[in-house]
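Asks:
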Amino acid sequence: MATPVQKVTIKAKFPLYKKEELAERVELITLEETGFELVAQKDLYAVGDTAIYIQPDYCLPDTPLFQDFIAPAGDPKKSYLGKIEDQPRRIRAIKFPLSKEPNGDKVYSNGILLPLSVVTSHIGEQPISAESLGITKYEAPIKLMGDTQLSPFPSGWYQTDEENINNVWNEVAFPIYLIGTQKIDGTSISISTEYIATRKNVMERFVKKGDTEVESTETYIKYGSQYQDILRAAQETEIVLRGELNGQGVGSSGNKLNPALKEAANIRFFGIDRLRGGITYKLPHAEFVAKAQALGIQTVPIIFEKEFSNRGELLATCEAYFAQHVIEGIVVKTPDSKFSAKIMNNYYDSKK
388 MATPVQKVTI KAKFPLYKKE ELAERVELIT LEETGFELVA QKDLYAVGDT AIYIQPDYCL
448 PDTPLFQDFI APAGDPKKSY LGKIEDQPRR IRAIKFPLSK EPNGDKVYSN GILLPLSVVT
508 SHIGEQPISA ESLGITKYEA PIKLMGDTQL SPFPSGWYQT DEENINNVWN EVAFPIYLIG
568 TQKIDGTSIS ISTEYIATRK NVMERFVKKG DTEVESTETY IKYGSQYQDI LRAAQETEIV
628 LRGELNGQGV GSSGNKLNPA LKEAANIRFF GIDRLRGGIT YKLPHAEFVA KAQALGIQTV
688 PIIFEKEFSN RGELLATCEA YFAQHVIEGI VVKTPDSKFS AKIMNNYYDS KK
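Numbering follows the working numbering, with no gaps: position 66 of the sequence shown is 453.
1) Helix, strand or coil, according to DSSP, for asparagine 588 in the structure here?
2) Unbroken beta strand (DSSP E) runs of length 3 or more, entirely within the segment 679 to 727: which are they?
3) Under a three-way DSSP split, which group does leucine 520 fall into?
4) To the nearest angstrom, how far is it from the Cα of proline 402 to the Cα of valine 395?
5) Between the C-alpha atoms of lysine 725 and isoleucine 717, what's the straight-line distance to the nearest angstrom?
6) Under the rule that 16 or more other beta-carbon atoms within 10 Å means buried, what is valine 601, buried or exposed?
7) Of all the options Asn553, Arg629, Pro562, which has the alpha carbon lying nearest to the alpha carbon of isoleucine 583?
8) Bridge partners of threonine 604, per DSSP?
9) Please report the distance separating the alpha-carbon of glutamate 605 from that of glycine 533.
10) Cα separation between isoleucine 578 and isoleucine 689?
11) Between the segment 486 to 497 and the segment 421 to 431, are three or more C-beta pairs nearer than 8 Å?
12) With a 10 Å radius around its C-beta and 16 neighbouring C-beta atoms as the bar for buried, classify proline 391 as buried or exposed.
13) Near glycine 611, which residues of its chain fall below 6 Å by C-beta distance, leaving aside the five closest residues on each side in sequence?
14) With 16 as the cutoff for other CB atoms within 10 Å, does threonine 704 come out buried or exposed?
15) Using beta-carbon positions only, say whether lysine 587 and phenylalanine 540 come within less than 7 Å of one another.
16) Report the residue ranges of all alpha helix (DSSP H) runs contained in full by the segment 474 to 511; include only those spanning at least 4 residues, in chain order.
17) Report the rounded CA-to-CA distance for valine 637 versus glycine 658, giving the unit in angstroms.
18) Do aspartate 572 and asparagine 645 have their C-beta atoms within less than 7 Å of each other?
19) Please work out which residues of its chain come closer than 6 Å, Cβ to Cβ, to aspartate 436, disregarding the five sequence neighbours upstream and downstream, and give them in chain order.
20) Between which two residues does the beta strand (DSSP E) carrying glutamine 569 extend?
21) Candidates Glu715, Asp723, Ala728: which alpha carbon is nearest tyrosine 734's?
22) Could you check which residue in Ala527, Asp444, Ala679, Leu501 has the C-alpha nearest to that of leucine 431?
23) Quick one: using the 10 Å Cβ neighbour count with 16 as the cut-off for buried, is tyrosine 440 buried or exposed?
24) Using DSSP bridges, identify the partner residues of glutamate 414.
25) Is it the case that the Cβ atoms of isoleucine 684 and glycine 543 are separated by a distance below 7 Å?
26) Report buried or exposed for glutamate 411, applying the criterion of at least 16 other Cβ atoms within 10 angstroms of its Cβ.
27) Since lysine 482 and lysine 464 should fall inside the 8 Å C-beta cutoff, what is the C-beta to C-beta distance between them, to a whole number of angstroms?
Okay, here's the thing in structure tokens:
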């Protein structure tokens, strides 16, 4: 997984344009360690400089170091950060009315870049890390009714949050054949014959009400129990279904662009794992599709299955799809499921 806060090296700088005119105060920055691009004050950094980078989808604390991001000129309403409990905190994509060439497509800036000297002046001798800066991972709220017991997430099961493609380009060898599926904006759910789990905990399906046991009314149980019953009926004791619980009344990012908000609550499955000794292993894509069809469960839409010759071709394919479909992103994976990553829709993220 990507390091939330890291030292990075300025790789290159590029001019930006406002329509036909060259932007005088800002420029585009690329980094050696990640594929994200950022808009920065012109000449604040030189190529080869060391800076501190904070990943998108993390949250800033209300400390002096980050006041210019949380409340520019003392006004929180001017912040570009996404709101958490009505306070600007989440680092999201920022769209600028600028382009890499005259009259080109508008650019997005992802993440926060700070001069090394500025960071050290605030934290002194402490190691530079998420902990020392107070940076926390953004997590959409999990809506709970409170009528079920929670136990720890199974230790042998991996967490399903995909890595951003910009952090793993070094793992992609072109040409490469990839399957692209829709990344649905909901909340993760994992189901086996034994467990129904959120991204954090296992939920007990039945709870005591007086002297009797009744099925929990928690949303995860309400919609997940039917799939647990399917697995039990098929005696599939060695697989785990991985999906996204989404739709009306289900916890998600709260983005008003979310197309799932128009649908009844449902689960779309994006993977199936094989259980061996309590440890989960992803099934290859073809086996996942075949098993899902055999079980009669609904899977995430497939957007493309094709070979890409380079990074630009892959990103252009995704951007063309985003231009026609307002979705959170696309998950790309190899046919053997050994590699997967998410390509986010910057426009969608900028509204989150």
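Using N, Cα and C, we set each Cβ at its ideal position, and we do this for glycine too.
Replies: Let's see:
1) If DSSP states are grouped into helix, strand and coil, asparagine 588 belongs with the strands.
2) Counting only runs of 3+ residues, the beta strand (DSSP E) found wholly inside the segment 679 to 727 occupies 689 to 695, 716 to 720, in chain order.
3) Three-state DSSP puts leucine 520 in a helix.
4) The straight-line gap from Cα to Cα measures roughly 20 Å.
5) Each residue's Cα considered, the two are about 17 Å apart.
6) Per the 10 Å Cβ criterion, exposed.
7) Measuring from the Cα of isoleucine 583, the nearest candidate turns out to be Arg629.
8) According to DSSP, which records beta bridges pairwise, threonine 604 is partnered with nothing at all.
9) Roughly 8 Å separates the two Cα atoms.
10) Rounded to the nearest angstrom, the two C-alpha atoms are 22 Å apart.
11) Touching, yes, given that three or more Cβ pairs across the two stretches are closer than 8 Å.
12) So proline 391 counts as buried.
13) Take glycine 611, set aside five residues on each side of it, and the residues of its chain with a beta-carbon closer than 6 Å to its own are Ile576, Ile578, Ile583, in chain order.
14) By the neighbour-count rule (16 or more Cβ atoms within 10 Å), threonine 704 is buried.
15) Yes, the pair counts as a contact, with Cβ atoms nearer than the cut-off.
16) Counting only runs that start and end inside the segment 474 to 511, the alpha helix (DSSP H) elements of at least 4 residues fall at 503 to 510.
17) Between the alpha carbons of valine 637 and glycine 658 lies a distance of about 20 Å.
18) Taking a C-beta distance under 7 Å as the contact criterion, aspartate 572 and asparagine 645 qualify as a contact pair.
19) Hits under 6 Å: Ile397.
20) 563 to 570 is the span of the beta strand (DSSP E), which, as asked, contains glutamine 569.
21) Comparing Cα-Cα distances from tyrosine 734 to each of Glu715, Asp723, Ala728, the minimum goes to Glu715.
22) Minimum Cα distance to leucine 431 is reached at Leu501.
23) Buried is the call here.
24) Beta-bridge partners assigned by DSSP to glutamate 414: Ala427.
25) In this structure, glycine 543 does not lie closer than 7 Å to isoleucine 684 by Cβ.
26) That one is exposed.
27) For a cut-off of 8 Å, the C-beta gap from lysine 482 to lysine 464 is around 18 Å, too long to register as a contact.
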